[in-house]
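Novice: Could you have a look at this structure, given as structure tokens, before my questions?
Numbering (this note's numbering), first residue to last: 548 to 881.
In structure tokens, the structure reads:
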């Protein structure tokens, strides 16, 4: 005879299985503009983003509707319809509410367009870098110019755009990408933060590309001067009227590998006037070996090289000591 306890347990077990395998009705639904291949969430904002065959779309969960959409390139749309999603054309700008889709920078919260290839006259987004003061510096490439765009995260707007360099044959540290329909676009384009140098008062930005350097006013992007230089380090005099540029020594393959991606210092330092770019020394300061450490103290520049150290007069860039102090293991001078 079946006991009441056994019947109760069986009923509860059956109810549990029914609840487990039953489907819950959706709280709400909305019509998507271009189908749905995947739904994911933006890391910082948490906005649901739909990847469809023909577009990317941001969903506003408050209004239960599509807030924004950006069309995919014909190439990526075709690949998506064929079931090939290896050539992703959407990526986030880290630590910001922004994303890049089809070379357009969009605020995922409300769909505001920060940079647009047509409106801002470029073809591809090449790089971005997070800067102090809640800024993002975006590098784009057009038919003939490499442009830089400063976006302010606080005001959620573009501060300025500036065409700084000409497109060269060698793209250097630029990531190969294209907005055309015959080439896929890579996902990762971020460069190492700290690449762009700021003066202490943040009025000046020093931007480098390949073997060129540009001194730019941070407030409006206007160029003070440009030169064919490839410095490994840049530092300023206390009044920031003089910039010192330490030569980049590429060295051999072993030296480059040991530098772990950072530029290896050479043995020469140039002094230039910040406002004009004029070289202030007749000849660059030349250390006996590659420079390992330097420190500017008043009108003296202490330089440690691979085999010793010396002190130099900043007015002329000449050595004060007739010969280097010998010492291979010098780390710093106090």
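From the three backbone atoms N, C-alpha and C, an ideal C-beta is built for every residue, glycine too. The structure presented is a predicted model; accordingly, all values stated were derived computationally and were not measured.
Going by other Cβ atoms of all chains shown within 10 Å of its Cβ, with 16 needed for buried, is residue 747 buried or exposed?
Specialist: With fewer than 16 Cβ atoms within 10 Å of its Cβ, residue 747 is classed as exposed.
Novice: With a threshold of 6 Å on Cβ separation, who are the neighbours of residue 886 within its own chain once the five nearest residues in sequence on each side are excluded?
Specialist: Here the chain has residues from 548 to 881 only, and residue 886 is not among them.
Novice: Determine the direct distance from the alpha carbon of residue 779 to that of residue 602, and round the result to whole angstroms.
Specialist: Computed Cα separation, rounded: 42 Å.
Novice: Mind checking residue 548: buried by the 16 CB within 10 Å criterion, or exposed?
Specialist: Caution applies to residue 548, whose pLDDT of 46 falls short of 50 and renders its modelled position unreliable; the model cannot decide the point.
Novice: Provide the residue span of the beta strand (DSSP E) that contains residue 856, from first to last.
Specialist: 855-860 is the extent of the beta strand (DSSP E) around residue 856.
Novice: Only counting runs of 3 or more residues, tell me where the beta strand (DSSP E) segments fall wholly within the segment 637-661, in order along the chain.
Specialist: Qualifying beta strand (DSSP E) stretches, in chain order: 637-639, 645-648 and 651-654.
Novice: Classify residue 834 as buried or exposed, calling it buried when 16 or more other Cβ atoms lie within 10 Å of its own Cβ.
Specialist: Flag for residue 834 reads buried.
Novice: What is the DSSP secondary structure of residue 776, reduced to helix, strand or coil?
Specialist: Note: residue 776 maps to coil in three-state DSSP.
Novice: Have a look at residue 827 and residue 820 and give me their C-alpha separation to the nearest angstrom.
Specialist: Answer to the nearest angstrom: the Cα atoms are 7 Å apart.
Novice: Is residue 646 closer than 9 Å to residue 596 when the C-beta atoms are compared?
Specialist: Cβ distance < 9 Å, so residue 596 and residue 646 count as in contact.
Novice: Report buried or exposed for residue 861, applying the criterion of at least 16 other Cβ atoms within 10 angstroms of its Cβ.
Specialist: The residue in question, residue 861, is buried, as its Cβ has 16 or more Cβ neighbours within 10 Å.
Novice: From residue 858 to residue 781, what does the alpha carbon distance come to, in whole angstroms?
Specialist: Roughly 18 Å between the two C-alpha positions.
Novice: What does the Cβ neighbour count give for residue 769, buried or exposed, with the cut at 16 atoms within 10 Å?
Specialist: When all chains shown are included, residue 769 counts as exposed.
Novice: Enumerate in chain order the residues of its own chain whose CB-to-CB distance from residue 790 is below 7 Å, with the five nearest sequence positions on each side excluded.
Specialist: Cβ within range, chain order: 781, 783, 819 and 821.
Novice: If you run the structure through DSSP and keep just helix, strand and coil, what is residue 621?
Specialist: In this structure, residue 621 counts as helix in the three-state DSSP scheme.
Novice: Taking the DSSP output, what are the residues bridged to residue 867?
Specialist: In the DSSP output, where bridge partners are listed per residue, residue 867 has none listed.
Novice: Under a three-way DSSP split, which group does residue 704 fall into?
Specialist: Reduced to three states, the DSSP call for residue 704 is strand.
Novice: If you draw a straight line from the alpha carbon of residue 649 to that of residue 623, how long is it in whole angstroms?
Specialist: For residue 649 and residue 623, the distance between alpha carbons rounds to 9 Å.
Novice: So, helix, strand or coil for residue 809, using DSSP?
Specialist: Coil, per DSSP.
Novice: Alpha carbon to alpha carbon, how far is residue 814 from residue 797? Give it in angstroms, no decimals.
Specialist: Taking the straight line from one Cα to the other gives about 11 Å.
Novice: Helix, strand or coil: which one does DSSP assign to residue 761?
Specialist: Three-state result, residue 761: strand.
Novice: How many angstroms separate the CA atom of residue 830 from the CA atom of residue 621?
Specialist: C-alpha separation (whole angstroms): 55 Å.
Novice: Helix, strand or coil for residue 584, going by three-state DSSP, please let me know.
Specialist: Residue 584: coil per DSSP, three-state reduction.
Novice: According to DSSP, residue 756 sits in a beta bridge with which residue or residues?
Specialist: The partner list for residue 756 (beta bridge, DSSP) reads 759.
Novice: Quick one: what's got a C-beta closer than 7 Å to residue 754's C-beta in the same chain, skipping five residues either side?
Specialist: For residue 754, where only same-chain residues beyond five positions count, the Cβ hits under 7 Å are 695, 711, 743, 761 and 763.
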